[in-house]
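4 protein chains.
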Amino acid sequence: MSLVFLFLCDRMNVRLNSLAEKKAAIFESTLQLIKEYGFHGTPISQIAQEAGVATGTIYHYFTSKEELIIELFGYCRTQITQAIFKSEELSLPYAERFVSIWINFVTYYIRHPEMLSFMEQFSSSPYVKAVFCENRIFFQDEVSNFLSKGVTSGHIKSLDINIISAVFLGTVAATAKKHINGHFTFKEEDMKKTVAIIWDGIKIY
Amino acid sequence: MSLVFLFLCDRMNVRLNSLAEKKAAIFESTLQLIKEYGFHGTPISQIAQEAGVATGTIYHYFTSKEELIIELFGYCRTQITQAIFKSEELSLPYAERFVSIWINFVTYYIRHPEMLSFMEQFSSSPYVKAVFCENRIFFQDEVSNFLSKGVTSGHIKSLDINIISAVFLGTVAATAKKHINGHFTFKEEDMKKTVAIIWDGIKIY
Amino acid sequence: MSLVFLFLCDRMNVRLNSLAEKKAAIFESTLQLIKEYGFHGTPISQIAQEAGVATGTIYHYFTSKEELIIELFGYCRTQITQAIFKSEELSLPYAERFVSIWINFVTYYIRHPEMLSFMEQFSSSPYVKAVFCENRIFFQDEVSNFLSKGVTSGHIKSLDINIISAVFLGTVAATAKKHINGHFTFKEEDMKKTVAIIWDGIKIY
Amino acid sequence: MSLVFLFLCDRMNVRLNSLAEKKAAIFESTLQLIKEYGFHGTPISQIAQEAGVATGTIYHYFTSKEELIIELFGYCRTQITQAIFKSEELSLPYAERFVSIWINFVTYYIRHPEMLSFMEQFSSSPYVKAVFCENRIFFQDEVSNFLSKGVTSGHIKSLDINIISAVFLGTVAATAKKHINGHFTFKEEDMKKTVAIIWDGIKIY
DNA sequence: CATGAATGAGGATTCATTCAT
DNA sequence: GATGAATGAATCCTCATTCAT
Chain A
1 MSLVFLFLCD RMNVRLNSLA EKKAAIFEST LQLIKEYGFH GTPISQIAQE AGVATGTIYH
61 YFTSKEELII ELFGYCRTQI TQAIFKSEEL SLPYAERFVS IWINFVTYYI RHPEMLSFME
121 QFSSSPYVKA VFCENRIFFQ DEVSNFLSKG VTSGHIKSLD INIISAVFLG TVAATAKKHI
181 NGHFTFKEED MKKTVAIIWD GIKIY
Chain B
1001 MSLVFLFLCD RMNVRLNSLA EKKAAIFEST LQLIKEYGFH GTPISQIAQE AGVATGTIYH
1061 YFTSKEELII ELFGYCRTQI TQAIFKSEEL SLPYAERFVS IWINFVTYYI RHPEMLSFME
1121 QFSSSPYVKA VFCENRIFFQ DEVSNFLSKG VTSGHIKSLD INIISAVFLG TVAATAKKHI
1181 NGHFTFKEED MKKTVAIIWD GIKIY
Chain C
2001 MSLVFLFLCD RMNVRLNSLA EKKAAIFEST LQLIKEYGFH GTPISQIAQE AGVATGTIYH
2061 YFTSKEELII ELFGYCRTQI TQAIFKSEEL SLPYAERFVS IWINFVTYYI RHPEMLSFME
2121 QFSSSPYVKA VFCENRIFFQ DEVSNFLSKG VTSGHIKSLD INIISAVFLG TVAATAKKHI
2181 NGHFTFKEED MKKTVAIIWD GIKIY
Chain D
3001 MSLVFLFLCD RMNVRLNSLA EKKAAIFEST LQLIKEYGFH GTPISQIAQE AGVATGTIYH
3061 YFTSKEELII ELFGYCRTQI TQAIFKSEEL SLPYAERFVS IWINFVTYYI RHPEMLSFME
3121 QFSSSPYVKA VFCENRIFFQ DEVSNFLSKG VTSGHIKSLD INIISAVFLG TVAATAKKHI
3181 NGHFTFKEED MKKTVAIIWD GIKIY
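Top to bottom, those sequences are chains A, B, C and D. Here our numbering is used: the first sequence runs in plain steps of one and ends on residue 205. Here our numbering is used: the second sequence runs in plain steps of one and ends on residue 1205. Here our numbering is used: the third sequence runs in plain steps of one and ends on residue 2205. Here our numbering is used: the fourth sequence runs in plain steps of one and ends on residue 3205.
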């Protein structure tokens, strides 16, 4: 490879990184602020300041605050999906993976309360409409697929996927919220007990 | 009793009624608007217009928008509690009441999507802090009491109340949301299947 | 008439006046500022300040800056029409009225340079489109009517009304501009000479 | 001549051309945008995009937006002057040239509505002040000279040049505007009738 | 009590201009 | 020279809140 080629590659990487990095910085600052001050109460100016960029810069990356919010949802979904579907757990038996994913999910939310806060606020805001066009079900792609496989593979009772997914995701969110709000500190053991409840109700003996 | 006294009583009743009625009108208009336009995007002026009162009138009933929101939360909790704990079901066996309350809850949310929308938005907004002082757990008073009784009476596994309540409330909200968002139409039968899952995981055989 | 009736009338008058007065104050402040700083370069905040009201107040009277501009055009047209069609000149012979109206027009613009400035800027801005729906020709209602009558009554050559009106209005604006810009001070006599030019070309001997 | 010299000449020509071409491209894109979106509503960024250059490039050619606008005015004046004073009409008798120039002017504006729009907006904007230092009268150099000559040569009544020029330029602009706005389609014949009006009022029999 | 005009601080967005590459 | 990302002051507009009637 010529030096020129390497040089260009390098420059492109730098650019790509800086773009991705700046977007990520904006996303993270938005998440923190939304968690603290709520969906409203987080002006663009503050997001910019916290992200270390100028107000106008935000508008190079997003055409409006709404677009920022909607793209942020995509960012969160990606982050969450990566965190809960660990490659090293792919080979686990279904029951164990079910438990693992549920616990990973709750653990991720507990470690990233700003994600939970945002996802909850987003899902009950009018913005959702904007995403429903492409994704009719929230975590359909990954979580629902995983649960569907459980049904077809005979590990899970033959219930509608929406029922199962409501139970799965509903308990994840409620558990994480209880923990974050300080009502109860869920330790590994407590989480296991909690998933056990729903796994017992869903599994095929 | 003199006529004057009756007249005064009458006027007072009228006033009390009209006060309660006006507050309710404000609450309902707020709920509808928040459902449609989100927590932000619902100015006081619009709430007033929709409720058929002047902007300034709102400030006779609530000192600020925040107070309106917080009182609205109380209003919702009362409405919901009344709707799910039906007096005619008081005598049912615990298992049946458990199922009934869960279904009543989901059904109420489905019939009043503006309530669900508000409760969800409220619970992930910074306003919650204001209510947590008095009520450390959301439906502690009623729902948690009911679930606690299940533990002490030996119908429910001896798990921490927070675990049980997370599962109960989490599935209620998730189920109602799935229905309202149009992902799945939960009929009576589907709801029964859904509660069955968590009841199976919680009950003592 | 009862006192109550008079009282109500009085209050209504006061209100109507204050509304009309406030609108007029906003209009006048807008005209002055647009004359001085141009169509852009006149922020709403400055208009408000100059008119002695708060920024937000402007938005009680006009839904947007654009609406303010468009209503301002209507205001100017009314003012101008009142100024150039003097009732005491109604009985003059056509030729003399023609001259009079032209001179009144130029004189009005010279005395109200902010009106000329606004009308010129407005007529070459994209806002015009908004008014053309209702008024296909600018001063059609009054000026064009007057000129049309000249044709039908046999005082003016049988030319298309658009030709005559272009000549009439074009010279009015150009003359006033020359005066205001300080290129030439048009005295009564000079104006008479100028109208004479176009009257000679238009009249029927 | 050495090759090096030719080479340099060539490069300089290329540069001059490309400079002139790029400036012209910027001018034309500015004119189009101003016509469509008004004096405000045409950001530098859009001008750049339409002209096929980068935003920053504009600032190689003009130190500021204001300078661009003012230079654009000069560009327009040159273009217009070239278009209305046709060399092949130099030998026509005065009366015919008068008519010709007037018609050329209107025709040019009709073919280049963006020029009329710009000239009108410019002449009623605060920018004019910047040009008035050097040119106290708008088309003094050319049009006024031509009209002055008419007076001295005895073809035109002995009126102040400002009066004559107001009538001449005022009717040109008004006529072109009426045509462009779609109020009336001025054909060659109609234009002739229109100039005739003012020529009749100005000429010496 | 009720009204709704008035307020003005605050927030979203734009855009002329700069500057590192 | 050319580029276009970055800047942040400036602008339009909103909306919670007040207060005279």
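All C-beta atoms, glycine included, are put in the ideal place defined by N, C-alpha and C.
Where residue i sits in the DSSP three-state scheme
| i | result |
| --- | --- |
| residue 2187 (chain C) | coil |
| residue 3137 (chain D) | Summary for residue 3137 (chain D): the model assigns pLDDT 48, below 50, so the residue's position carries little reliability; its value from the coordinates is reported in the next sentence. In the structure shown, residue 3137 (chain D) sits in coil (DSSP, three-state: anything other than H, G, I, E or B). |
| residue 204 (chain A) | coil |
| residue 3008 (chain D) | Low local confidence applies: a pLDDT of 46 at residue 3008 (chain D) is under 50, so the model's placement there is unreliable, with the coordinate-based value given in what follows. Of the three classes helix, strand and coil, the one that applies to residue 3008 (chain D) here is helix, per DSSP. |
| residue 1001 (chain B) | Note that residue 1001 (chain B) has pLDDT 45, beneath the 50 cutoff, so the model's placement of it is unreliable and the number below is only indicative. Coil, per DSSP. |
| residue 2123 (chain C) | helix |
| residue 56 (chain A) | helix |
| residue 2014 (chain C) | Per-residue confidence for residue 2014 (chain C) stands at a pLDDT of 44, beneath the threshold of 50, marking its modelled position as unreliable; the derived number appears in the next sentence. It is helical. |
| residue 2960 (chain D) | Nothing can be reported for residue 2960 (chain D), as the shown portion of chain D is limited to 3001 through 3205. |
| residue 3062 (chain D) | coil |
| residue 2043 (chain C) | coil |
| residue 1149 (chain B) | helix |
| residue 2113 (chain C) | helix |
| residue 3038 (chain D) | coil |
| residue 2072 (chain C) | helix |
| residue 1098 (chain B) | helix |
| residue 3086 (chain D) | coil |
| residue 91 (chain A) | coil |
| residue 3019 (chain D) | helix |
Beta-carbon separation (whole angstroms), residue i vs residue j, contact threshold 8 angstroms
| i | j | result |
| --- | --- | --- |
| residue 1039 (chain B) | residue 1125 (chain B) | 6 angstroms |
| residue 3070 (chain D) | residue 3108 (chain D) | Rounded, the Cβ-Cβ distance is 21 angstroms, inconsistent with contact. |
| residue 55 (chain A) | residue 45 (chain A) | 5 angstroms |
| residue 3072 (chain D) | residue 3118 (chain D) | 7 angstroms |
| residue 3201 (chain D) | residue 2200 (chain C) | 4 angstroms |
| residue 2094 (chain C) | residue 2155 (chain C) | 4 angstroms |
| residue 2114 (chain C) | residue 2035 (chain C) | 4 angstroms |
| residue 1174 (chain B) | residue 41 (chain A) | Actually they are not in contact, since the Cβ atoms of residue 1174 (chain B) and residue 41 (chain A) sit about 27 angstroms apart, beyond 8 angstroms. |
| residue 2085 (chain C) | residue 2101 (chain C) | 7 angstroms |
| residue 2197 (chain C) | residue 3198 (chain D) | 6 angstroms |
Partner residues on chain C for residue i, Cβ-Cβ distance less than 7 angstroms
| i | result |
| --- | --- |
| residue 3171 (chain D) | 2166, 2167, 2170, 2171 |
Residue from the options whose Cα sits closest to the Cα of residue i
| i | options | result |
| --- | --- | --- |
| residue 151 (chain A) | A:141, A:112, A:164 | A:164 |
| residue 2143 (chain C) | C:2131, C:2157, C:2168, C:2120 | C:2168 |
| residue 2081 (chain C) | C:2052, C:2146, C:2042 | C:2146 |
| residue 1123 (chain B) | B:1076, B:1189, B:1050, B:1048 | B:1076 |
| residue 2187 (chain C) | D:3078, D:3162, D:3200, D:3098 | D:3162 |
| residue 3050 (chain D) | D:3027, D:3099, D:3068 | D:3027 |
| residue 1031 (chain B) | B:1062, B:1061, B:1059, B:1068 | B:1068 |
| residue 3110 (chain D) | D:3149, D:3021, D:3181, D:3018 | D:3181 |
| residue 131 (chain A) | A:74, A:149, A:24, A:83 | A:74 |
| residue 212 (chain A) | A:197, A:189, A:193, A:157 | This structure does not reach residue 212 (chain A), given that chain A is present from 1 up to 205, and the question cannot be answered. |
| residue 1023 (chain B) | B:1061, B:1198, B:1097, B:1033 | B:1061 |
Interface residues of chain A facing residue i [CB-CB closer than 7 angstroms]
| i | result |
| --- | --- |
| residue 1117 (chain B) | 124 |
| residue 1159 (chain B) | 193 |
Per DSSP, the bridge partner or partners of residue i
| i | result |
| --- | --- |
| residue 156 (chain A) | A:203 |
Listed by chain order, chain A residues near residue i by CB distance under 9 angstroms
| i | result |
| --- | --- |
| residue 1141 (chain B) | Under the 9 angstroms cutoff, chain A gives no residues; its nearest Cβ is about 14 angstroms from residue 1141 (chain B). |
Chain B residues whose Cβ lies nearer than 7 angstroms to that of residue i
| i | result |
| --- | --- |
| residue 40 (chain A) | 1039, 1040 |
Proximal chain D residues relative to residue i, where beta-carbon distance stays under 8 angstroms
| i | result |
| --- | --- |
| residue 2196 (chain C) | 3201 |
Per-residue contacts from residue i into chain D (C-beta, under 9 angstroms)
| i | result |
| --- | --- |
| residue 2065 (chain C) | Those within 9 angstroms of residue 2065 (chain C) in chain D number zero; the least Cβ separation is about 11 angstroms. |
Where residue i meets chain B, residues with beta-carbon distance less than 8 angstroms
| i | result |
| --- | --- |
| residue 120 (chain A) | 1120, 1123, 1124 |
| residue 178 (chain A) | 1162, 1165, 1166 |
Within chain C, the residues that residue i reaches when beta carbons sit closer than 9 angstroms
| i | result |
| --- | --- |
| residue 3175 (chain D) | 2162, 2163, 2166, 2167, 2170 |
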